[in-house]
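Counting with mature numbering (1 follows the signal peptide of the UniProt record, and there is no 0), you get residues -40 to -1, 1 to 595 for the letters of the sequence shown. The beta carbon of each residue, even a glycine, is placed where N, CA and C say it ideally should be. Taking it in order: structure first as structure tokens, then the write-up.
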Amino acid sequence: MNISSSNRGSGKLSLMVSRISFALILFLLVFCQELQPIEAQSWVQAGYWLSGTGFPVSDINSALYTHLICAFADLNSTSYELSISPGDEESFSSFTNTVKKKNPSISTLLSIGGSDANYSIFKSMASNASSRKSFIQSSIRIARLYGFEGLDMAWTSANTSSDMSNMGKLFEEWREASKSEAANSSSTSELILAATVKLRPGLNFTSYPVESIRSNLNWAHVVAYEYHKPTKENFAGAYAALFDPSGDVNTDSGMKEWIRSGVPSNKLLLGLPFYGYAWTLENPKENGIGAPTTGPAITAGGDMQYKKIRAYIQQYGASVQYNSTYETNYWTLGSTWICFDDVHAIRGKVSYAREMKLLGYAVWQVPYDSNWVLSRAAALQVDQTEHGKVNYGSRDSWPGYTDTSELFQGNAPDLKVFSFYDIELATAKFSIQNKLGQGGYGAVYKAYKLWKEGKGLEFADPFLDHNNSMCEILRCMQIALLCVQEDANDRPSVMEISSMLKTDTTLRSPKRPAFSANETLSDDFQYVTSPSPLLPSNSKDPDISQNSHVVDLSVVDLVSNNDGSVMSLEEGNLREGFGRLDGGQVLSLDLEAFVGLLLQPSSWMISDVGCDVDMKEAIVGVFGCGGILLLINCM
């Protein structure tokens, strides 16, 4: 896949709604805001949106990015001025204002060209000073008119020495014009100028204008994928391998070559593909990277968006494999082999970008994500690497990682499967908005108050209104509140929770939750004052309170009969917990980000509609400190 322009009815209440033999009960989901982006230009989290994909700009979760790039504008074949097709006019002109509604601090760029752009027109424009001037002036004018803060040149078809020489002149004149335009205006800053480039600076006896890129551009986005395709090769290839022990066609090799050529690492963005390729295996028993293949699978070219891959895997089952050598994921069922970057690979690549001191990453493309799983994985990994060095070559070295199979067998030597920062990041540092001792109240107390007033639905995530009955949502909320009562002895056991979920038995009224505003705390409220085992002893983070609260978390194995009823349940101890959480109350929790951080298993797929068909585990997480209850039941 190249960069291109192309009620339920009424009846008995059911708390375990089956979809393809699995169910997901989700509640008290995201309540506040998403991750706050890092200051622009110190670290770039960029993502492309391509017109014509049918994905509304308003649906972009811009809070997970620092820069969003609108693609693609084109060139007029006679005047060489920047042109936008009539069909794109409305979405392009409103792009910046739309994405800033969710993230006012985000920066936007307009990308020009793409792999489907007419090579001859771009070549002619770049080869003539007058034509370059027409393009440059029109590009700056349109960028200002539509509110874009930068421009991205995606002339990816340039391939001759004259092309590269003229490209260098174009970048130099573009920068001079941008400086002049900003200097003559007291209300605008200089435009960001960027370019999309291939994996290596050297191309078939020519090379990119490295000095011009270094001197005139804010960054170069390296297209670090498309190394192998099922339409071109007869083996299963790691098409976006970070490393490849068998050769130099890999991301690490290309990025290092760019740096050796003279482009500073802090002017390079690592391309992250949110799509993959499907191959047809010659022999299903040979299904690793490098296995013989006969061509593409599933689609004509084998290309598949990440969300389509996840839907396909969810439909047909089987587990996703992670290969730390290549830093990629693949999935096999029969003769079908799909290679793609899942959460593990994305996190590994972002860690790599930080280790290499790159400027950031650029996603192709944002609409391909599945419920923002990969976007969150990338954004969360950025902050995690700031607090501790992460070995991107092995997930076993990630802070707090515990092997999933061992965990579910109940004999893991260390049940702390997440770090303090993992939880802080998964909750988007919501505690910053409401710290202990400073008034206000957390989300659980708010949920309790609304439930007592008969307004529980006001707290629920809007998605639940469309996919669950009101009674079901309120019952889930009531169970959640029972689990976060202040007195741990009042909280139900895992077995009791399971019974509540499987039957319509009458529930008791929940008592006061474990957290409320400082002025409403009862005299016998006890803080846990021992240091948190999940927090470094030398931590001096001013946002971390010295008063910590118990985090009760239990992972249980749920075994179901063919009819979906519970056959056996290994009960965990809800009152022991995995550790303690400092830093004030957790105001909300992002489901997917938390699950990904908690377990890291390649076979999990948690989404709005459920999880993998073959999963029979249930996670019951209870944040007794005024956080939230998370119940996921996969049958």
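Checklist entry - What is the DSSP secondary structure of T254, reduced to helix, strand or coil? => result strand
Next on the checklist: Ignoring anything shorter than 3 residues, give me the beta strand (DSSP E) runs that lie fully in the segment 216 to 272, in order along the chain.
Outcome noted: 228 to 233, 235 to 241, 253 to 256 and 263 to 265
Item to check | Among S51, S147 and R468, nearest to L441 - alpha-carbon criterion | outcome: R468
Next on the checklist: So, under 8 Å CB-CB, E109 and L153 are touching, yes? Tell me the CB distance rounded to an integer number of Å.
Outcome noted: Not really, about 11 Å apart at Cβ, beyond 8 Å.
Item to check | Which of helix, strand or coil DSSP assigns to W297 | outcome: strand
Next on the checklist: What does the alpha-carbon distance come out to for the pair A180 and K227?
Outcome noted: 6 Å
Item to check | Delimiting residues of the beta strand (DSSP E) encompassing W115 | outcome: No beta strand (DSSP E) contains W115, which DSSP labels as neither H nor E.
Next on the checklist: I'd like the span of the alpha helix (DSSP H) that includes G47, first residue to last.
Outcome noted: P46 to V59
Checklist entry - Tell me which same chain residues have a C-beta within less than 8 Å of the C-beta of V183, skipping the five on either side of it? => result I(-38), T116, T156, V157, K158, L159, G231 and W324
Checklist entry - Is A23 buried or exposed, if buried means 16 or more other CB atoms sit within 10 Å of its CB? => result buried
Item to check | Classification of C431 by the beta-carbon crowding that lies within 10 angstroms, buried from 16 upward | outcome: exposed
Checklist entry - Which residues bound the alpha helix (DSSP H) around S91? => result A89 to Y106
Item to check | Distance cut-off 7 Å: G197 Cβ against heavy atoms of the ligand ZN | outcome: With respect to the ligand ZN, the structure shown offers nothing to examine, as it has no ligands at all.
Checklist entry - Between the beta-carbon of A196 and the beta-carbon of N210, is there less than 8 Å? => result no
Next on the checklist: What does DSSP give as the partner residue(s) for Y321 in the beta ladder?
Outcome noted: Q5 and L230
Item to check | Identity of the residues DSSP links to N283 by a beta bridge | outcome: T288
Item to check | Per DSSP, the bridge partner or partners of W179 | outcome: A154
Item to check | Outcome for K245 when other beta-carbon atoms lying within 10 angstroms are tallied against a minimum of 16 | outcome: exposed
Checklist entry - Taking all protein chains shown into account, do 16 or more other C-beta atoms lie within 10 angstroms of the C-beta of K415, making it buried, or fewer, making it exposed? => result exposed
Checklist entry - Could you give the C-beta distance for F95 and E50, rounded to a whole number, given that I count them as a contact under 8 Å? => result About 23 Å; that fails the 8 Å criterion.
Next on the checklist: Using C-beta distances below 6 Å, list every residue in its chain close to I273, excluding the 5 sequence neighbours before and after it, in chain order.
Outcome noted: W291
Checklist entry - Taking the alpha-carbon positions, what's the T362 to R435 distance? => result Reliability fails at T362, whose pLDDT of 27 lies under 50, so the model's placement of it is uncertain and no value is given.
Next on the checklist: Under DSSP, the beta strand (DSSP E) around G73 begins and ends at which residues?
Outcome noted: S67 to G73
Next on the checklist: Using the Cβ count rule (16 or more neighbours within 10 Å means buried), how would you classify K349?
Outcome noted: With a pLDDT of 39 at K349, under the threshold of 50, the predicted position of this residue should be treated as unreliable, and no value is reported.
Checklist entry - Does the segment 247 to 258 come close enough to the segment 307 to 319 to have 3 or more Cβ pairs within less than 8 Å? => result no
Checklist entry - N194: which of T259, S98 and A238 sits nearest, CA to CA? => result A238
Item to check | Member of G74, A86 and S54 whose CA lies at the smallest distance from the CA of I102 | outcome: S54
Item to check | Other residues of its chain near I81: CB distance less than 7 Å, five sequence neighbours each side excluded | outcome: L35 and S37
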